[in-house]
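Inspection log for the structure reproduced underneath, given as structure tokens.
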Amino acid sequence: MTVTFSGLDQPYKPLCSYAYFHDRNMDRFMSEVPVQTMLFGDSGAHSARTLGLHLTLEDYAAWCHRWDHHLTLYANLDVIGAPQATWDNQKRLETEHGLTPIPVFHTGDPWEWLERYIDDGYTYIALGKLLGNPIPEVLPWLAKAFKIADGRAVFHGFGMTVWRALREFPFYSVDSSTWTSSFRFGVVKLFDPARGRFVKFTMRDKAQLLEHRDLLRAHHADPMHFATRATYSRTAATVLAAIAWRRAEEYLRDRHGPQTIPPSPRDPVARNGRPPAPAGLHLYLAEPTTTNTVRAAVGVHQARQRETAA
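Residue numbers (the working numbering): 135 to 444.
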């Protein structure tokens, strides 16, 4: 059996949080990424609390300004459970700091806040606090959000990797903070376009490696890298995880058709006269280390070169 599908021709799309990248030289980091990128900047407020990092609006604004030339977009400094404070931060970043962040609306916030953002001209809005909620609660909540925004705004889903939700709702963009969990926990995770879903199995499971060898090779992976501890390659596993999600991104883009941001002076991508972003779906890969991000970007680039040459 021969398995072929694309999905690697888009820019590489990392998400970098201020909580982890506040002290990194982004010029040096981006110089190590050999491909065109779409870089999403996020405050990482929850991670900052976990790390004991004191995160201020002023410091985050300065970071966004400093690395604006690399950032495709950046998010508001949101406050979970406090929609007024989140709104106030949005307006302060705009009026006091001259920034154009994507606003954030959380599960649990009154729906009038989403209406307020849309009525105020925001046409690209991030949905937050999606993680940790039961699927039977998230799906109807998303259905209502998409109904309210219909034709007026598109959404980014923070941490939204629930496959059922991604298949059902036409997000403009989402990010995965768990894309590395497969190789961190000894799992091989592939995307099967024929079935429209992921395939998972434990590393060193020789029967599964044999069964899915063609799909592995379609991900530019050597099955032997996952057969034994001695042959295991962390770099190969990192690249495999990135390619699997890129394949999934392509599948969802084809499933829902092109998603575009309605024109608005508040468009966080087309800020300051920049060109609009290409049509979605866009799936950003969040990762706190530069090592894994660079490994994945280089590997995806090399896989793309092999596909182009074939």
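Each residue gets a CB set at the ideal place from its N, CA and C atoms; glycine is no exception.
| query | result |
| --- | --- |
| If we require 3 or more residues per run, which beta strand (DSSP E) segments fall completely within the stretch 377-438? | 416-420 |
| Under the assumption that Leu-149 contacts Asp-176 (Cβ atoms under 8 Å), give the Cβ distance between them as a whole number of angstroms. | 6 Å |
| Output needed for Gln-224: all residues of its chain with C-beta closer than 6 Å, excluding positions within five of it in sequence on either side, in chain order. | Asn-210 and Pro-237 |
| With distances taken Cα to Cα, identify the nearest neighbour of Thr-312 among Arg-347, Ala-378, Glu-302 and Leu-248. | Ala-378 |
| Is it true that the CB of Tyr-306 sits closer than 8 Å to the CB of Ile-252? | no |
| Assign Asp-284 to one of two classes, buried (16 or more other C-beta atoms within 10 Å of its C-beta) or exposed (fewer than that). | exposed |
| Leaving out five residues before and five after Ala-375 in sequence, what residues of the same chain have Cβ atoms less than 7 Å from its Cβ? | Trp-313, Thr-314, Ser-316, Phe-317 and Lys-323 |
| What three-state label does DSSP hand Arg-158 in the structure shown? | coil |
| Opposite Tyr-258 in the DSSP bridges: which residues? | Val-288 |
| Thinking C-alpha only, which one of Glu-302, Asp-157, Gln-393 and His-199 is nearest Glu-228? | His-199 |
| With respect to the alpha helix (DSSP H) encompassing Thr-365, which residues constitute its N-terminal and C-terminal limits? | First-last for Thr-365: undefined, no H or E at that position. |
| Please say whether Pro-399 and Ala-413 have beta carbons closer to each other than 8 Å? | no |
| Might you give, ordered along the chain, the residues of its own chain that have their beta carbon closer than 8 Å to the beta carbon of Arg-331, omitting 5 neighbours on each side? | Trp-297 and Phe-325 |
| In the DSSP assignment, find the unbroken alpha helix (DSSP H) run with Tyr-251 in it and report its ends. | 245-253 |
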